[in-house]
Amino acid sequence: MASTTCSLSITVARTDIPFMMHTIPHIVRMCNYPFTQRILAVDTAPLSGDKVNRPGVGTMEQLRDYCDQLLVAGVVDKFVDIDYSPEYQKQIYQKHFGARIRPSHNYKGYPILGTIFSIEEVPGDYVVHFDSDMLIHQQPDYSWIEEGIQLLQNHPEVMSVRPLTGPPKEDGDIHQRVPYERDPAGFYKFNFFSSRVYLSDRKRFDSLLPLSVLWRSYKNKVLNGLPNSLKTKLNYLTGKGKLDSWEIMVSNRLEETAYVRAVLDSPQAWTIHPKNREPEFIAALPQLIEKIEQGWYPPEQAGYYDLIFEHWL
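Under my numbering, the first residue of the sequence shown carries the number 1101, and numbering increases by one thereafter.
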């Protein structure tokens, strides 16, 4: 393990301003890992999709000020703007998709180029990525990252690793919308990728590339019936079409290969995804984080990944 290097990347945007000063220190504190570098990738692009109407959207000045505060406090080592230059976009999309694509974000406003940037522009053999809204518990004498790196080293079929999705249930069950298998080596196997939290071997991820570009359905039936490769060329020429989710593109690629995504079955680390962005949630967030760091959760939350807010009140 001593010879391996691993960096942490967290993508931040103006939509994260209401909670990032709570969640980012919490993520770094709970992971408690000697990262080569802890980087914030700052999304400077105009908001689009459902991000436009998110509550609490702030200004770029606020976002930069918060990033600077996290840097000064020693929570992160660096923050860097996502590179939206045409040259970088052309180079990085050619590598990851084998094609020229116009959109930098998907139809929901999620950063496709930024997600790739946060993998490409960090040093180390491994990368750990967190979305900035994630919550995590890890017991003091345990490291999900160390276990995850060991798993990647011992299982060449594993493309990425993450901690348990939701607090543990006594029977080991996890509530998921997609199929999975339990591997006796101590993890659940999925063909569906998740972009919110993952640890990946960067060279192994490169072996997946290029991904097939996926477009949302067109209203025009003729356009909708075209192969994705033609839709991609059409988009570059005309600007018509909206990108689908990056994690679905990765998932589709996993299904074409022998690779799987691993979810560790250890109850010593687990993650929760808060979907709520309302003022009541933001006000309660420091107390939620305190409870999660202590390992407390309501029984109704066990096995569930999305935060069931009413049970925490």
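All C-beta atoms, glycine included, are put in the ideal place defined by N, C-alpha and C. Computed from a predicted structure; not experimentally measured.
- Where ASP1181 is concerned, the enclosing beta strand (DSSP E) starts and stops at 1178-1181.
- DSSP places HIS1229 outside any alpha helix (DSSP H); the residue lies instead in the beta strand (DSSP E), whose first and last residues are 1226-1231.
- For TRP1412, there is no enclosing beta strand (DSSP E), as DSSP marks it with neither H nor E.
- With a contact defined as Cβ atoms closer than 8 Å, LEU1308 and THR1357 qualify at about 7 Å.
- Boundaries of the beta strand (DSSP E) around VAL1142: 1138-1142.
- Remark: C-beta atoms of ALA1199 and THR1332 approach each other more closely than 7 Å.
- Annotation note: the segment 1274-1360 contains the following uninterrupted alpha helix (DSSP H) runs of length 4 or greater, listed N- to C-terminal: 1302-1306, 1321-1324, 1328-1338 and 1346-1356.
- Between the segment 1297-1312 and the segment 1259-1272, the count of C-beta pairs closer than 8 Å reaches three or more; the two stretches touch.
- Rounded to the nearest whole angstrom, the CA to CA distance from PHE1290 to VAL1363 is 8 Å.
- Taking C-beta atoms as the reference points, TRP1315 and GLY1341 count as a pair closer than 7 Å.
- DSSP links ASP1406 through a beta bridge to HIS1373.
- The C-alpha of LEU1140 is placed about 18 Å away from the C-alpha of LEU1147.
- Taking 7 Å as the cut-off, the beta carbon of SER1109 is found closer than this to the beta carbon of VAL1222.
- With a 10 Å radius around the Cβ and a threshold of 16 neighbouring Cβ atoms, GLY1214 comes out buried.
- Secondary structure remark: continuous beta strand (DSSP E) runs of at least 3 residues inside the segment 1183-1243, in chain order: 1226-1231 and 1235-1238.
- The alpha-carbon of HIS1275 is positioned some 23 Å away from that of HIS1229.
- If you draw a straight line from the Cα of ILE1245 to the Cα of VAL1322, it comes to about 47 Å.
- SER1351 sits close to PHE1292, with the two beta carbons spaced by under 7 Å.
- Around the beta-carbon of VAL1152, fewer than 16 other beta-carbon atoms lie within 10 Å, marking it exposed.
- In the three-state scheme derived from DSSP, where H, G and I count as helix and E and B as strand, LEU1264 is classed as strand.
- When the beta-carbon positions are compared, MET1120 and VAL1112 come within less than 7 Å of each other.
- Here the alpha carbons of LYS1319 and LEU1171 stand approximately 46 Å from one another.
- Excluding five sequence positions before and after TYR1242, the CB atoms of its chain that fall closer than 8 Å to its own CB belong to SER1366, GLN1368 and ALA1369, given in chain order.
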